[in-house]
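For reference, the structure discussed in these notes is given below.
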Amino acid sequence: MAGTHTRTEVSFPSGEELLVGDLVLPDDPGPHPVVLSVAGTGPQDRYGNQVLPDGTVDPHPRHRWVGDRLAAAGIAQMCWDKRGVGASTGGDRAAGDPPGDRDAHASVETDVVDLLAAVEFLAGHERIDPRRIVVMGTSAGAHFTCRAAARTDVPAGYVLWGGVHQEIDEFAAYIYALIRSWAARGDAEREAMEANKPGALATADRWPAMLEAARRGETTFEWTDEDGELHIRYLTRTIQELEHAYPEQFANVTRPVMVIHGDRDINVPVQQAHDSAAALRAAGNDDVTLVIVRGADHGMHAIAVDDEEHLRRWMTGGDRGPQSELFIGAVIGWVRDLWVRYPS
């Protein structure tokens, strides 16, 4: 695909912060349709990699892959270093420093505000067609996308990839039950899981108490471990997720929408895609496309047919496998067809 597109670093303001990312453009002058890739909750960079508090990068560059494939098909793409990550400002760190605990200064609301700022930036870009902006929210990014849809009329369509359609207390209880169950298998499984998901088990054990603290409006939860180390979890995000329940936000999406989900998704079980599509239709959206990608996980990797191995890799890390060609083909086709179905 060399020579089919150009990747350029761009920046745009969001309140007092400056967000930095990549705009990937096809080689021809345009103006181009564009997909705005919106990452989920974690401290992700513009490519989709998870950046740990100390700056260590867990490579997962799915958004870079998506951008390259979209641009090769004549569709621009943008994604950015999340607030407080990479070259974007945020918190008391300097741009480029490790993110620390991003939830100390970021929340659902700031993620939504940053998304809206990105839409505004694209709508004013000389090589982007402002009438052909599609927002693609991934995982919790689908929630931010649904929240943002209530505040902007700019996007022509939406793609909801692996979105959660469940109350946050139920969703988190499901994830933490998986973690505790894996850790209970034995010391080797526990150690491998904790190396891949540091702090996850400690949080899982304390989730009921953290949830109750958030329901009381407390913005932090603290505990001291057996070695005397103080741990702090920031709860503003959870408070906002309780106030704006995930399932209720789908009604905000009134433009054409694709709900796309891997049928091997452990993070967000595939039934939630069916629930999301049903909620959109029940709210009056009559242009809902539901695509279930056979053999794909939450990150849209093609996964071998071995449930135990799939769960082991999810818990302990390792090779995720290639990105799903079925997934990217479906997204490209839907976006291209959107302008045929709605030419104006």
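With the UniProt record's numbering, letter number 55 in the sequence shown gets 55, and the count goes up by one each step, no holes.
We put the CB at the ideal spot given by N, CA and C, even for glycine.
M78: member of the beta strand (DSSP E) spanning 76 to 80, first to last residue. When the beta-carbon positions are compared, D45 and V85 come within less than 8 Å of each other.
If you compare the alpha carbons of G42, D92, D68, L70 with that of D81, the shortest gap goes to G42.
Cβ neighbours of Q249 within its own chain (closer than 7 Å, five residues either side excluded): H143, C146, R147.
In this chain, the beta strand (DSSP E) harbouring I128 covers 128 to 138.
The C-beta of H231 has fewer than 16 other C-beta atoms within 10 Å across all chains shown, which makes the residue exposed. By the neighbour-count criterion, in which a residue is buried when 16 or more other Cβ atoms sit within 10 angstroms of its Cβ, V35 is buried. Counting the other CB atoms within 10 Å of its CB gives V112 a total of 16 or more, which places it among the buried residues. Cβ neighbours of V119 within its own chain (closer than 8 Å, five residues either side excluded): L36, I133, V135, A148, T152, V154, P155.
Per DSSP, the beta bridge partners of A296 are A302. Between P26 and A71, the gap from beta carbon to beta carbon is short of 8 Å.
Annotated three-state conformation of E9 is strand, per DSSP.
Looking from the CA of V340, the closest CA among S139, P256, Y47 belongs to P256.
Secondary structure at Q271: helix, using DSSP grouped into helix, strand and coil. Below 8 Å, enough C-beta pairs join the region 284 to 299 and the region 257 to 264 to call them touching: three or more. Around the C-beta of V335, 16 or more other C-beta atoms lie within 10 Å, and the residue is accordingly described as buried. Three or more beta-carbon pairs separated by less than 8 Å are not found between the region 274 to 283 and the region 177 to 185, which leaves the two stretches without contact. In this structure, the beta-carbon distance from R264 to D225 does not fall below 8 Å. In the structure shown, I328 falls within a helical segment according to DSSP collapsed to helix, strand and coil.
By the criterion of a C-beta distance shorter than 7 Å, H105 is surrounded in its chain by G84, G90, G91, once the five residues flanking it on both sides are discounted. Taken atom to atom, the span from the alpha-carbon of P99 to that of S88 is near 10 Å. C-alpha of H60 to C-alpha of G40: approximately 13 Å in a straight line. C-alpha of R127 to C-alpha of F121: approximately 11 Å in a straight line. By the Cβ-count criterion, V253 is buried, with 16 or more other Cβ atoms from all chains shown falling within 10 Å of its own Cβ. Cβ contact annotation for S139 (same chain, cutoff 6 Å, sequence separation greater than five): G40, G162, in chain order. When the beta-carbon positions are compared, S276 and L160 come within less than 8 Å of each other. Cβ-Cβ distances below 7 Å link A95 to A87, S88, T89 in the same chain, with the five nearest sequence neighbours on each side left out; the list follows chain order. D337 and P33 have their C-alpha atoms roughly 12 Å apart.
Ranked by Cα distance from V51, the options A188, N196, Y246 are led by N196.
Under DSSP, T289 forms a beta bridge with M258. According to the DSSP assignment, D22 belongs to no alpha helix (DSSP H) but to the beta strand (DSSP E) extending over 17 to 26. Per DSSP, the beta-bridge partners of V34 are A76, I133. Judged by DSSP in its simplified three-state form, Q166 adopts coil rather than helix or strand. With a contact defined as Cβ atoms closer than 8 Å, G48 and R69 miss out at about 13 Å. Counting other Cβ atoms within 10 Å of its Cβ, G284 stays below 16 and is therefore classed as exposed.
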